[in-house]
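Residue numbers (the working numbering), protein chains in the order written: chain F, 1 to 354; chain Z, 355 to 971.
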């Protein structure tokens with residue numbers, strides 16, 4: 001493997017050829033802020049918050065798209081770099097609502113984080129601000145383009161990961177905005193083609209895209225994140241259940257082994273059953289034509305008795321077993337074992353095959 | 355067909371036959387048509403038919419003197435041909451009667467003469483000696499206004515496709531070496547050495563390569579490329595073919611803005627003609643070189659003149675710049691090595707090959723060789739197109755060629771390079787035009803637009819004009835350009851409105867510095883130039899707006915006060931009656947006065963005053 005050695009803020013770093021300055025800096029723990037960069041998406045070099053100073057370069061290059069070269073010298077916190085970062089943050093804040101108090105992203109917002117880090121205040125520039133209507137006409141995602149910093153991650157995740165190409169930039173200059181085709185809303189699915197996977201929400205660095213059902217349910221620091229496996233299908237995606245006061249208030253991306261941060265609409269938004277009043281919490285046994293609550297022992301005993309009777313009278317082959325994709329692999333394995341070894345039937349099937 | 359000899363002989367015959375006949379030629383470039391050239395053409399055709407005159411009626415493109423359009427040339431064999439200016443339909447009968455029928459030129463309408471072999475006429479400037487042309491060279495513009503741009507035969511008869519034919523028998527590297535030796539640099543504004551660019555594409559690995567022509571001319575006041583496309587489309591095609599041959603491309607694409615319908619029409623026609631003669635197509639002239647050119651019409655985004663945004667646009671994506679590197683030479687159109695040059699750059703190539711690199715390199719300065727086409731606009735006497743050798747001074751262009759400032763007013767500044775360039779003040783008028791010298795004074799060569807301003811121009815207002823343009827045309831991709839131009843524009847507006855504070859200048863300078871330093875593409879990196887140069891050379895005007903709440907040039911409405919000069923006022927009452935705000939008072943035959951508090955600065959009084967007694971101050 002060919003390597004290159006460069007110096008970042010006086011620290012010598014040796015990295016494989018092809019590594020970006022950003023990656024090289026991160027490898028030795030040097031902080032460079034990013035908005036539009038995402039290791040799993042293409043690199044537009046758009047937000048310019050990651051600019052660094054490289055003597056000999058014409059301007060301040062963006063660390064996320066500049067390849068580290070042999071002997072390169074990089075300054076990540078020079079006067080010019082700090083001035084550029086602060087000014088660009090001021091410019092973003094000048095066109096951003098100051099509603100951190102009630103913003104759902106408070107505590108998990110990169111704009112907030114960097115503004116704090118660099119001591120940047122919102123009042124550097126007074127002038128026109130966007131005044132877009134907040135899009136909340138679908139059950140899953142709230143799009144507030146007033147908060148958008150146009151990093152384009154949502155555009156790229158939809159194109160490159162989800163493959164639905166719902167979003168792109170429209171209009172020019174200050175009026176540039178991220179939108180579905182024809183400037184429609186996500187809910188206009190005939191045009192937007194949106195499947196509400198919410199992966200755009202997962203990559204949004206600010207409060208422009210949020211999970212509708214979670215708004216007002218808990219602050220970032222109040223929530224306990226419990227990593228678990230999605231029960232909907234056998235892919236095994238992982239995510240974080242956001243738990244507050246013993247209740248699941250929502251799902252956010254975890255770094256799953258199978259799926260990374262990406263989920264489908266069911267995994268991300270299909271958790272409403274957990275605390276639903278209609279959800280069954282005890283077995284029911286039909287007595288005199290009516291379902292009556294029963295204990296687990298009672299229910300299992302009844303099932304065992306009935307299955308045993310069928311087997312005795314007609315043989316195991318008379319029984320068929322259908323399992324569910326909502327079960328884990330282990331549960332499905334046990335079901336299969338139970339069917340073949342205990343019930344004595346090979347007639348087993350699974351809903352995922354349908 | 356393995357060479358063009360037979361075709362060339364046929365074309366020469368056609369062309370010579372045309373020249374041997376009396377003819378009237380109308381300038382039908384966009385400038386000519388906009389001035390009414392097509393109506394003149396119709397009037398001439400009708401007059402010729404009605405009178406049964408034995409004269410051919412033809413058309414050409416813009417000869418460069420846009421200020422004198424509509425232009426008509428009358429060429430009678432054996433006599434110098436005469437180019438007339440400001441010929442409107444009503445002048446046509448007299449012109450034809452006098453010059454065509456009676457062989458007597460109409461001297462008072464004549465602008466220049468082209469004697470050819472004939473004895474020059476007294477009293478009309480010979481083209482090369484005319485003030486407008488004396489300091490010019492006609493190389494890339496040689497055919498403009500001289501040949502019919504829709505005739506491939508005339509192009510071939512005047513040396514067209516000779517260079518391409520010559521290249522077919524050259525080694526590919528030798529072609530590139532010749533371009534390198536010529537010192538040709540990108541005429542789109544960047545000034546990158548063309549030969550080096552070709553070398554990069556030649557060296558790049560790729561199963562497919564492209565030659566792309568940037569015809570997305572977007573600077574306000576720039577029309578060099580349009581004039582070349584309309585006047586000599588085959589030269590651009592030939593330049594692209596030579597590039598394609600040298601770098602190993604078999605496909606070319608011209609990205610031309612849709613606002614240039616005539617250029618696109620003539621290009622399409624030129625491509626069809628070249629295909630008909632087998633000059634474009636497969637195995638051209640029996641060689642193993644195949645080349646096809648298509649046109650992609652752009653939707654009029656300024657940013658698509660930026661090379662990577664242009665490539666995105668050709669690919670059907672939104673016109674947003676890509677990160678460089680990789681440069682288009684390695685990864686361009688559809689990810690393939692791509693040679694991307696501007697119209698004027700390609701149009702220079704055939705001349706370089708035909709006349710040799712040394713011929714080209716003898717023009718110009720040490721680092722900027724050859725000639726450059728400029729568009730002269732603004733407060734000058736002669737608006738038009740001028741091709742000058744590199745190294746000529748701005749003063750020579752503005753005062754010799756363009757005839758100085760309109761109305762005898764004072765020169766104030768000239769903007770070179772459009773919204774990416776800078777305002778150059780009078781103390782730098784003797785700056786030689788070359789890439790480095792213009793950069794040294796804070797401007798850029800740019801594509802060749804020169805907007806001249808006089809003393810009635812407010813420099814803060816000019817900076818605001820250009821910022822408004824770049825703000826609207828920013829693609830929105832990167833933060834500093836999208837958000838920064840908006841805030842700079844707002845600060846300039848604030849200053850023009852008389853609400854500016856001195857710290858706003860510091861903020862403008864900081865924004866300019868950060869945007870220049872951190873914007874993604876050339877549009878963003880250069881957009882602060884109008885502000886930086888006006889601050890550098892006209893800072894006192896900014897300060898006058900901010901501190902004295904005064905616009906020295908009398909442009910910014912919010913800062914103007916209308917006053918009546920008591921000495922000149924006769925008390926006629928015309929202004930009083932015209933004032934819609936009741937701000938003017940005064941006894942009859944006594945000097946009137948304006949109540950500043952009531953005045954809405956509409957200017958109605960000034961237009962009514964016959965005694966020049968009302969002033970904006």
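The beta-carbon is built from N, C-alpha and C at its ideal position, and this holds for glycine as well.
Query	Result
Nonlocal neighbours in the same chain, by C-beta distance under 8 Å from residue 349/F, ignoring five residues either side	320, 321, 322, 323
Extent of the continuous alpha helix (DSSP H) run through residue 629/Z	615 to 630
Residue(s) in a DSSP beta bridge with residue 658/Z	None, per the DSSP bridge assignment.
Counted within 10 angstroms of its Cβ, other Cβ atoms place residue 455/Z as buried (16 or more) or exposed	exposed
Pick from 648/Z, 897/Z, 818/Z, 460/Z that is closest to residue 564/Z, judged by C-alpha positions	648/Z
Under 9 Å (Cβ pairs) to chain F, residues found in the stretch 823 to 841 of chain Z	824, 825, 826, 827, 828, 829, 830, 831, 832, 833, 834, 835, 836, 837, 838, 839, 840, 841
Straight-line gap, residue 460/Z to residue 415/Z (C-alpha atoms, nearest Å)	22 Å
Cβ contact (3+ pairs, closer than 8 Å) linking the stretch 731 to 740 of chain Z and the stretch 751 to 769 of chain Z	yes
Contacts of residue 47/F in chain Z (Cβ-Cβ under 8 Å)	832, 833
CA-to-CA distance, residue 270/F to residue 297/F, given in whole angstroms	30 Å
Distance CB(residue 186/F)-CB(residue 138/F) smaller than 9 Å	yes
Secondary structure of residue 915/Z, DSSP reduced to three states	coil
Endpoints, alpha helix (DSSP H) assigned at residue 200/F	199 to 203
Three CB pairs or more closer than 8 Å across the stretch 513 to 528 of chain Z and the stretch 687 to 699 of chain Z	no
Residue 682/Z to residue 540/Z span [Cα, whole Å]	14 Å
Test: residue 43/F CB closer than 9 Å to a CB of chain Z	yes
Rounded C-alpha distance that separates residue 340/Z from residue 955/Z	Nothing about residue 340/Z can be reported from this structure: the residues present for chain Z run from 355 to 971 only.
Closest residue to residue 191/F among 294/F, 41/F, 209/F, 168/F (Cα-Cα distance)	168/F
Inter-residue spacing [alpha-carbon to alpha-carbon] between residue 417/Z and residue 896/Z	40 Å
Within chain Z, the residues that residue 87/F reaches when beta carbons sit closer than 9 Å	834, 838, 864, 865, 867, 868, 869, 872
Assigned exposure category for residue 862/Z - 16 Cβ within 10 Å defines buried	buried
Within-9 Å CB hit, residue 672/Z to chain F	yes
Member of 920/Z, 641/Z, 785/Z whose CA lies at the smallest distance from the CA of residue 525/Z	641/Z
For residue 601/Z and residue 559/Z, the rounded distance between their alpha carbons	11 Å
Rounded Cβ spacing between residue 666/Z and residue 676/Z (contact assumed at less than 8 Å)	7 Å
9 Å Cβ cutoff, residue 679/Z in contact with chain F	yes
Cβ-based burial, residue 355/F [other Cβ within 10 Å; buried from 16]	Nothing about residue 355/F can be reported from this structure: the residues present for chain F run from 1 to 354 only.
Spatial distance of residue 479/Z from residue 635/Z (CA atoms)	45 Å
The ligand NAD heavy atom lying under 8 Å from the CB of residue 204/F	In the structure on display, the ligand NAD does not appear, and there are no ligands present to speak of.
Cutoff 9 Å: residue 879/Z Cβ touching any chain F Cβ	yes
Under 9 Å between C-beta atoms of residue 124/F and residue 98/F	no
First and last residue of the uninterrupted alpha helix (DSSP H) at residue 704/Z	697 to 709
Cutoff 8 Å; reference residue 893/Z; Cβ partners in own chain excluding five residues on either side	859
Residue 37/F burial status per 10 Å Cβ neighbour count (16 or more: buried)	buried
Residues that residue 844/Z contacts on chain F, provided the C-beta gap is smaller than 9 Å	125, 126, 127, 128
Residue from 425/Z, 755/Z, 880/Z whose Cα sits closest to the Cα of residue 825/Z	880/Z
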